[in-house]
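Read in order, the letters of the sequence shown are residues 1 to 436 in full-length UniProt numbering. For reference, the structure is listed below as structure tokens.
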Amino acid sequence: MLPVVPVSTGACVIAAAAMIAAAAAAVFSLFLSASAQHADARTALCAFLVVLIAVSGLIHHVLTDYRARLWQPGLTAAAAPAASLPDRIGPARYRLSPLDEHPPPTVVAAGNGFVVRTGDQVTAYDGPTGALRWRAKDFGQCRLSAVEVVRRDHHDTTGIVVLFFDGAVVALDASSGAVVWRRQYSGRLIASSAAVDALGMTVNDDQPAPDNRTIVYSLAPANGAVRWRKAASCSNPTGAQATSGQLLFLCEGTPSVVDAHNGNAVDIPARNFHDFAAGSDVYLAWNYAGGSEGPDAGNTILVIDPNGRIVDQISGVYAMSKPDNGRLLLYDGRDSWALRDYYKRQSIPVSMHVVEHSRRFSELPTTWLKHRLAFFGPDELQPVLIIDPAALTIEPVSIERICPLRQTIRRLQALAGAVIADCGDNELVGLVPEGF
Numbered sequence: 001m002l003p004v005v006p007v008s009t010g011a012c013v014i015a016a017a018a019m020i021a022a023a024a025a026a027v028f029s030l031f032l033s034a035s036a037q038h039a040d041a042r043t044a045l046c047a048f049l050v051v052l053i054a055v056s057g058l059i060h061h062v063l064t065d066y067r068a069r070l071w072q073p074g075l076t077a078a079a080a081p082a083a084s085l086p087d088r089i090g091p092a093r094y095r096l097s098p099l100d101e102h103p104p105p106t107v108v109a110a111g112n113g114f115v116v117r118t119g120d121q122v123t124a125y126d127g128p129t130g131a132l133r134w135r136a137k138d139f140g141q142c143r144l145s146a147v148e149v150v151r152r153d154h155h156d157t158t159g160i161v162v163l164f165f166d167g168a169v170v171a172l173d174a175s176s177g178a179v180v181w182r183r184q185y186s187g188r189l190i191a192s193s194a195a196v197d198a199l200g201m202t203v204n205d206d207q208p209a210p211d212n213r214t215i216v217y218s219l220a221p222a223n224g225a226v227r228w229r230k231a232a233s234c235s236n237p238t239g240a241q242a243t244s245g246q247l248l249f250l251c252e253g254t255p256s257v258v259d260a261h262n263g264n265a266v267d268i269p270a271r272n273f274h275d276f277a278a279g280s281d282v283y284l285a286w287n288y289a290g291g292s293e294g295p296d297a298g299n300t301i302l303v304i305d306p307n308g309r310i311v312d313q314i315s316g317v318y319a320m321s322k323p324d325n326g327r328l329l330l331y332d333g334r335d336s337w338a339l340r341d342y343y344k345r346q347s348i349p350v351s352m353h354v355v356e357h358s359r360r361f362s363e364l365p366t367t368w369l370k371h372r373l374a375f376f377g378p379d380e381l382q383p384v385l386i387i388d389p390a391a392l393t394i395e396p397v398s399i400e401r402i403c404p405l406r407q408t409i410r411r412l413q414a415l416a417g418a419v420i421a422d423c424g425d426n427e428l429v430g431l432v433p434e435g436f
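Quick look at the structure:
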């Protein structure tokens, strides 16, 4: 079995090797002095140095050989700059069926396109072409528990893919797949969270009761260094994407937002809301009420900034997109649509008609492009609608059928050079506009 991280590295290895070599040389010198009646101090010193050098060389050889046998990705690529986010929808350029497994594969934007996790395997594809870039698999007895994509800062266009195992973390360059850093920890992974300049995990220390604890660790994305550690607010949290510089964990539905640099908690006024999620710049909390006729006044949406301040509160509508740089698509459950500027608290009507609809934004295929919003109706006979918030225009785009018959788009994601449509039956379709 190839270890995913070295047992010991750096100063600890050097110190241990020096102690072993010195002890072995000293014992040999004493033995030589005791057994040889005429051995003088010079002879003992020479023997000491010879053994010291020999043992040190042997330790160096063993250590170098061990590190050479550390786990490495089976396939890597040359690092390359990522394409820009598209602002249009193109035709289907490629179709991928990663693995016939259940649950369906998880697709995350990263590097020059996206990574797909299928079971204990992570594969990176190029966004514009769909070509395979790198692959990480064959972890031996180490079970892959979670995968996160994190960016070092806002200037990092490719990011880092972080693989979480029980007891180990391995970070790969999202463009090339090369190992960036490796870290060990004690315990069992419970959850993970990531954002720009933020990477965190909650770990059960596996101590017997009553000393058993769940600990939150904040790691620096660039090198894996521990920024801080503290007790979690509950024993079994779930992790989620957060806004820049923050970590988000949910304890029985209650959000816990903490600063990734100093561990300070942010007071989030959303404890009685059913759902909570992060957008590009704010958090969204919502409580959906009402029946088939649409939402009622009890259907409330809160828009909360990273400091915990409520910047907008909207009632009687559904949020049909993720919040993105001050913009949010709303629907009243009947036939009225609006774009909301949640910083100005203003809604502008949008003239569009959808025969069928989903009541949850996470179930409706929409995705923010570079500057515009792509809206896919549940029936593929309906044209794709591109909503321009700046010009308040709607552009219908007719493209060939994306998913096979009797299948609908489960999820859309805009990423470097393409928009990926997940057809929900282990088929990913790359929609690539001209110029990419």
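Even for Gly, the Cβ is constructed at its ideal location relative to N, Cα and C.
Query	Result
Between which two residues does the beta strand (DSSP E) holding asparagine 287 run?	283-287
Considering Cα atoms alone, identify which of Gly127, Cys142 and Val161 is closest to valine 149.	Val161
Just to confirm the assignment: which complete beta strand (DSSP E) runs, minimum length 3, are found wholly within the stretch 186-271?	188-195, 198-204, 214-219, 226-231, 238-240, 246-251 and 254-259
What's the gap between the Cα of proline 396 and the Cα of proline 365?	15 Å
Could you check the C-alpha separation between arginine 188 and asparagine 325 for me, to the nearest Å?	36 Å
Just how far apart, CA to CA, sit leucine 431 and valine 116?	17 Å
Please report the straight-line C-alpha distance between glycine 377 and valine 282, rounded to a whole angstrom.	26 Å
Whose CA, out of Gly127, Leu85 and Arg143, lies closest to the CA of glycine 119?	Arg143
Inspect the beta-carbon positions of glutamine 246 and alanine 171 and report whether they are closer than 8 Å.	no
Could you tell me the distance, in whole angstroms, from the CA atom of isoleucine 394 to the CA atom of isoleucine 386?	6 Å
Using 8 Å as the threshold, is the C-beta distance between valine 317 and isoleucine 301 below it?	yes
Given proline 128, which residues of its chain have a CB within under 7 Å of its CB, disregarding the five upstream and five downstream residues?	Ala83, Gly417, Ala418, Val432 and Phe436
What does a CB cutoff of less than 8 Å around asparagine 272 pick up in its chain, not counting 5 residues either side in sequence?	Asn287
Count the other CB atoms within 10 Å of the CB of arginine 360; is the residue buried (16 or more) or exposed (fewer)?	A caution first: arginine 360 carries a pLDDT of 49, below 50, which makes its placement in the model too unreliable to give a value.
Tell me whether leucine 132 is buried or exposed, calling it buried when 16 or more other Cβ atoms sit within 10 Å of its Cβ.	exposed
Output the distance between the C-alpha atoms of serine 256 and arginine 229, rounded to the nearest integer angstrom.	15 Å
In the DSSP assignment, what residue or residues form a beta bridge with glutamine 346?	Asp341
Which word fits serine 193, buried or exposed, when buried means at least 16 other C-beta atoms lie within 10 angstroms of its C-beta?	buried
Report the rounded CA-to-CA distance for proline 237 versus threonine 243, giving the unit in angstroms.	18 Å
Where do the ends of the beta strand (DSSP E) carrying leucine 70 lie?	Leucine 70 -> no beta strand (DSSP E), and no H or E assigned at all.
Pull up the DSSP beta-bridge partners for glutamate 427, would you.	The partner list for glutamate 427 (beta bridge, DSSP) is empty, contrary to what the question assumes.
To the nearest whole angstrom, what separates the beta carbons of tryptophan 134 and threonine 76, a pair I think is in contact under 8 Å?	5 Å
Take the Cβ of proline 105 as the centre, count every other Cβ of all protein chains shown within 10 Å, and call the residue buried at 16 or more, exposed below.	buried
Would you tell me roughly how many angstroms separate the C-alpha atoms of aspartate 425 and alanine 109, rounded to the nearest one?	19 Å
What are the complete beta strand (DSSP E) segments, minimum 3 residues, inside the stretch 147-184?	160-165, 168-173 and 179-184
Return the chain-ordered list of same chain residues with a C-beta closer than 7 Å to the C-beta of aspartate 205, the five sequence neighbours on each side being excluded.	Ser186, Gly187, Asn212, Arg213 and Ile215
Is DSSP giving residue 484 helix, strand or coil here?	Outside the displayed span of the chain (1 to 436) sits residue 484, for which this structure offers no information.
In this structure, how does DSSP classify isoleucine 53 when only helix, strand and coil are distinguished?	helix
Between the Cα of arginine 309 and those of Ala338, Leu329 and Val266, spot the shortest distance and give me the residue it belongs to.	Val266
Using 8 Å as the threshold, is the C-beta distance between leucine 328 and tyrosine 342 below it?	yes
Taking the alpha carbon of glycine 167 as the point to measure from, which residue in Asp173, Gly159, Tyr217 and Gln121 has its own alpha carbon closest?	Tyr217
Which residues in the same chain as histidine 261 place their Cβ atom closer than 7 Å to its Cβ, once the five residues preceding and following it in sequence are excluded?	Arg227 and Gly245
Once you ignore the five residues that flank alanine 270 on each side, which residues in its own chain have a CB closer than 7 Å to its CB?	Pro255, Phe276, Ala285, Leu302 and Ile304
Report the residue from Arg152, Arg345 and Lys137 whose alpha carbon sits nearest the alpha carbon of aspartate 312.	Arg345
Can you tell me whether DSSP reads leucine 405 as helix, strand or coil?	coil
By DSSP, does aspartate 138 sit in helix, in strand, or in coil?	coil
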